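Enquirer: Per this note's numbering: the sequence shown = residues 112 to 269.
The beta-carbon is built from N, C-alpha and C at its ideal position, and this holds for glycine as well.
Because the structure is a prediction, the values reported are computed rather than measured.
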Amino acid sequence: DEHYKLNWIERNAIFWPEVLEKYPSTVVLENTFEPTPEMFRALLGEVSSSRLKVCLDMGHMNVWSKVPLEEWIAVLGEDIHSMHIHDNKGDEDSHLVPGKGTINWQEFSDLIAKYQIGPNMVLEVGTQENWIEATIQSLKYFREGNIYPFNTVADHSI
Numbered sequence: 112d113e114h115y116k117l118n119w120i121e122r123n124a125i126f127w128p129e130v131l132e133k134y135p136s137t138v139v140l141e142n143t144f145e146p147t148p149e150m151f152r153a154l155l156g157e158v159s160s161s162r163l164k165v166c167l168d169m170g171h172m173n174v175w176s177k178v179p180l181e182e183w184i185a186v187l188g189e190d191i192h193s194m195h196i197h198d199n200k201g202d203e204d205s206h207l208v209p210g211k212g213t214i215n216w217q218e219f220s221d222l223i224a225k226y227q228i229g230p231n232m233v234l235e236v237g238t239q240e241n242w243i244e245a246t247i248q249s250l251k252y253f254r255e256g257n258i259y260p261f262n263t264v265a266d267h268s269i
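1. Taking the beta carbon of GLN248 as the centre, do at least 16 other beta carbons fall within 10 Å, making it buried, or is it exposed?
2. On the criterion of 16 or more Cβ atoms from any shown chain inside 10 Å, does LYS164 qualify as buried, or is it exposed?
3. Beta-carbon within less than 7 Å of GLU189's beta-carbon, same chain only, minus the 5 sequence neighbours each way: which residues are those?
4. Am I right that LEU180 and PHE144 are in contact with their C-beta atoms under 8 Å? What's the rounded C-beta distance?
5. Among the residues of its own chain, which have a CB less than 6 Å from the CB of PHE253, if the five just before and after it don't count?
6. With respect to the alpha helix (DSSP H) encompassing HIS114, which residues constitute its N-terminal and C-terminal limits?
7. Excluding five sequence neighbours on each side, which residues of the same chain lie with their C-beta closer than 7 Å to the C-beta of TRP216?
8. Does the stretch 144-159 come into contact with the stretch 194-214, if we say contact requires no fewer than three beta-carbon pairs (one atom in each stretch) closer than 8 Å?
9. Please classify SER176: is it buried, with 16 or more other beta-carbons within 10 angstroms of its beta-carbon, or exposed?
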């Protein structure tokens, strides 16, 4: 609700500048259950620090977002420091290998090129028993599909 959003922004806008002043690090906030990117955009505007960024979790976005991926990228742009990469069927945060769920990874790659961002990628796939094989499958899927960061259309350094 609106009260929750305003309270979240206000409390975080007090907390993070103190942390950033004390520690010379970049802080990356991950989307979890947020339906839109607006709370993050408002907080980033309040704090106004190049060391406060966002980690866009693609699986979380696919389950809980009420807006398309393009809105997240258009609103947050260069403030997307990194992305957690995993797939799901839009029903639960199941950490599937990309291509095994409903996320449109070609659109994902095209939007990264369109908005000229170069986020770091963190694979969050598989289980404790099969994460190595899931990681290999994920990299193979992205490379064979010419999907960021393996796309040849965009010039991104990773």
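Expert: Well, looking at it:
1. buried
2. Buried.
3. ILE228
4. Incorrect: roughly 16 Å between the Cβ atoms, too far for contact.
5. PHE261
6. 113-133
7. PRO209, GLY210, GLY256, ILE258
8. no
9. SER176 sits buried, since 16 or more C-beta atoms from the chains shown fall within 10 Å of its C-beta.
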